[in-house]
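In my numbering, the protein residues as written are 123 to 739.
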């Protein structure tokens with residue numbers, strides 16, 4: 123304080139169909155699934171991994187655009203860079219998803235629902251992103267969506283100096299600097315970045331044609347010290363400031379299009395790791411603070427702030443029969459608004475056992491208990507993985523998992539109900555199940571098909587019929603919402619020069635009365651290609667995305683929901699390694715100048731070209 127058509131679908135998935143990076147090996151390690159490194163061949167859950175080379179190949183400046191290329195992920199954005207955005211995992215809103223940045227929970231506790239402000243995350247210094255889909259309450263205390271684990275780059279050599287600049291349409295420019303180093307005991311990194319854009323008119327109802335810009339600057343520092351072979355210490359700091367111009371804010375009851383959102387985020391994490399004799403342990407403490415100020419016509423209309431403090435312990439013991447992981451977490455979430463303030467605390471403990479049967483069947487079972495302010499909640503997860511070597515160069519893995527999750531009410535939701543005299547809120551409860559098949563043919567082709575279903579009970583919703591003021595309050599839904607569907611991934615390599623990947627998500631996400639959930643597409647497709655020339659010094663890449671079957675909330679209150687048009691968008695990029703130290707970049711977003719909408723009433727960017735230079739010493 124996650125069948126009946128399975129045989130036919132598997133047959134389709136296992137056929138190598140021609141068209142991220144090169145095919146992902148089943149030997150790849152995942153950290154997120156069990157909070158320790160586990161070979162992907164032994165995983166029974168759905169994890170997507172993007173490496174630094176994948177992120178570079180995609181060429182996007184925003185991490186939001188990077189993760190929207192993954193299966194099971196969709197994104198909505200209200201009018202351009204820095205504007206209100208949402209990430210959906212298998213149809214679940216981002217306030218049901220835990221987002222970690224170098225181990226720090228970066229959710230915004232000052233928000234109505236506690237969720238990460240994804241629109242402010244940049245892709246520049248990211249080394250790895252792991253997306254764990256489905257209810258993950260057992261290991262993380264997370265909701266029905268899953269976990270997004272973001273890991274920044276570490277130093278790989280004694281001294282690393284980097285600088286990069288880029289400029290393009292909408293008077294956009296960004297720059298970054300990095301100094302890092304690695305010795306026998308000491309490892310450090312300091313990163314600075316800034317992004318500016320004059321943007322475009324974000325809202326259709328604003329007829330003035332004025333532009334809504336965005337500015338973001340960030341700084342981070344990391345220090346890692348190996349005190350001995352067994353003991354290591356780590357400290358990290360991160361600061362971010364963002365200014366976002368937008369339309370349709372209010373001062374009193376008067377609407378204005380002269381709106382500004384000021385966002386400040388600071389985080390600190392200290393950790394100690396102790397390893398030896400088959401026992402690994404980590405103790406970490408972290409704090410994140412967020413402050414937001416909204417201005418209308420230059421005058422502040424409200425200021426909110428909040429913080430999340432966590433104390434985490436994680437242990438793992440390797441035994442002859444398997445491995446046992448356990449941990450404990452204490453968390454405090456605090457919110458302060460105009461006239462109200464509240465803090466909530468929670469304590470969680472968990473344990474997971476991982477083992478195998480006859481070296482071919484890998485399984486995990488785990489349970490967790492969380493004690494919240496008013497009550498306790500238990501969650502569990504179990505998974506199976508059955509990898510089979512079909513030949514020296516091909517592998518097949520069958521897997522399945524089931525688990526539960528929960529979401530505690532946010533400080534704002536609890537404080538609001540206290541002010542309205544409404545009934546106390548309990549946690550949302552979720553459960554999910556999935557089955558999957560993965561196939562790999564050497565490094566030339568891989569495929570993955572996942573079938574899933576998950577449900578949410580006791581969802582926290584706003585009800586205008588509750589509360590003492592007549593304006594409503596928060597209550598809990600009597601029914602169950604659900605999402606079910608399939609995810610398909612195909613990837614391959616043609617020779618040494620061409621890599622391709624395809625992902626498709628088919629999703630039926632409904633609320634408790636069977637209505638389609640807003641802003642959640644029924645179908646999402648991605649096709650990516652990377653082509654290398656000139657002995658690998660020139661790389662050409664592109665990503666095509668198509669979204670179908672979407673329903674948006676209306677742009678004007680009181681009108682019906684809007685059925686959105688299906689759309690396709692093509693993004694292209696090129697990277698040329700001029701020398702060992704100089705890299706030239708060129709990217710084109712929305713290369714075909716598609717006129718589309720992600721949210722009703724909000725514009726999107728037209729065709730735009732950006733050119734950049736990177737220097738690495």
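Note that CB positions come from ideal geometry on N, CA and C, so glycine has one too.
Reduced DSSP secondary structure (H/G/I, E/B, other) of residue i
i, result
"residue 267", "coil"
"residue 162", "helix"
"residue 427", "strand"
"residue 262", "helix"
"residue 533", "helix"
"residue 725", "coil"
"residue 480", "coil"
"residue 182", "coil"
"residue 576", "strand"
"residue 544", "coil"
"residue 187", "helix"
"residue 564", "coil"
"residue 177", "helix"
"residue 712", "coil"
"residue 435", "strand"
"residue 539", "helix"
"residue 216", "helix"
"residue 455", "strand"
"residue 278", "coil"
Supposed close pair residue i, residue j - CB separation, criterion 8 Å
i, j, result
"residue 524", "residue 507", "In fact, because the Cβ distance is near 14 Å, the residues do not count as touching under 8 Å."
"residue 250", "residue 273", "4 Å"
"residue 181", "residue 709", "4 Å"
"residue 627", "residue 645", "7 Å"
"residue 397", "residue 429", "That belief does not hold up - the Cβ atoms of residue 397 and residue 429 are roughly 31 Å apart, past 8 Å."
"residue 325", "residue 369", "4 Å"
"residue 629", "residue 642", "7 Å"
"residue 425", "residue 230", "Between residue 230 and residue 425 the Cβ distance is about 14 Å, and since that is not below 8 Å, they are no contact."
"residue 489", "residue 260", "6 Å"
"residue 341", "residue 314", "5 Å"
Endpoints, the beta strand (DSSP E) within which residue i is located
i, result
"residue 199", "195-199"
"residue 691", "689-699"
"residue 649", "645-655"
"residue 593", "Here residue 593 belongs to no beta strand (DSSP E), and DSSP marks it neither H nor E."
"residue 236", "Neither: residue 236 is in no beta strand (DSSP E) and is coded neither H nor E."
"residue 667", "660-670"
"residue 294", "294-304"
"residue 599", "Careful: residue 599 lies outside any beta strand (DSSP E) and carries neither H nor E."
"residue 623", "620-632"
"residue 718", "Unbroken run through residue 718: none, as it is neither H nor E."
"residue 314", "308-322"
"residue 336", "334-348"
"residue 228", "That residue, residue 228, is in no beta strand (DSSP E); it is neither H nor E in DSSP."
"residue 642", "Run containing residue 642: none; DSSP gives neither H nor E here."
"residue 249", "248-255"
"residue 585", "582-585"
"residue 207", "207-211"
"residue 734", "730-738"
"residue 684", "684-686"
Boundaries (first-last residue) of the alpha helix (DSSP H) holding residue i
i, result
"residue 603", "Counting along the chain, residue 603 falls outside any alpha helix (DSSP H), though it belongs to the beta strand (DSSP E) covering 602-616."
beta-carbon residue i near the ligand ZN non-hydrogen atom, thresh 8 Å
i, result
"residue 691", "Ligands in the displayed structure: none, and consequently the ligand ZN is not present."
Minimum Cβ-Cβ distance from residue i to chain D less than 9 Å
i, result
"residue 308", "Absent from the structure is chain D; it holds one protein chain and no more."
Is it the case that the stretch 203-216 contacts the stretch 345-361, given that we only count it when at least three CB pairs across the two stretches are under 8 Å?
no
Cβ contact (3+ pairs, closer than 8 Å) linking the stretch 300-310 and the stretch 329-342:
No: fewer than three Cβ pairs fall under 8 Å.
At least three beta-carbon pairs within less than 8 Å, the stretch 699-710 to the stretch 296-304:
no
Where in the stretch 494-528 do unbroken runs of the beta strand (DSSP E), each at least 3 residues long, occur, reported from the N-terminal end onward?
498-511
Extract the residue ranges of the beta strand (DSSP E) inside the stretch 354-421, only unbroken runs of 3 or more that lie entirely within it.
371-373, 376-378, 381-398, 401-418
I'd like to know if the stretch 549-561 and the stretch 232-242 are in contact, where contact means that at least 3 CB-CB pairs between them fall below 8 Å.
At 8 Å Cβ cutoff, the stretches do not touch.
When you compare the stretch 218-226 with the stretch 391-405, are there three or more beta-carbon pairs, one atom per stretch, that lie closer than 8 Å?
Contact holds: three or more Cβ-Cβ distances are below 8 Å.
Hey, is the stretch 474-485 in contact with the stretch 454-466, meaning 3+ C-beta pairs nearer than 8 Å?
no
Counting Cβ pairs, one atom from each stretch, are 3 or more of them under 8 Å apart for the stretch 534-544 and the stretch 512-523?
no
Determine, using beta-carbon pairs with one atom in the stretch 274-290 and one in the stretch 196-211, whether at least three such pairs fall under 8 Å.
no
Okay, do the stretch 595-603 and the stretch 631-645 touch, 3+ Cβ pairs below 8 Å being the bar?
yes
Take every Cβ of the stretch 600-618, pair it with every Cβ of the stretch 582-590, and state whether three or more of those distances are shorter than 8 Å.
no
Stretch pair the stretch 709-718 + the stretch 252-260: three plus CB contacts closer than 8 Å
no
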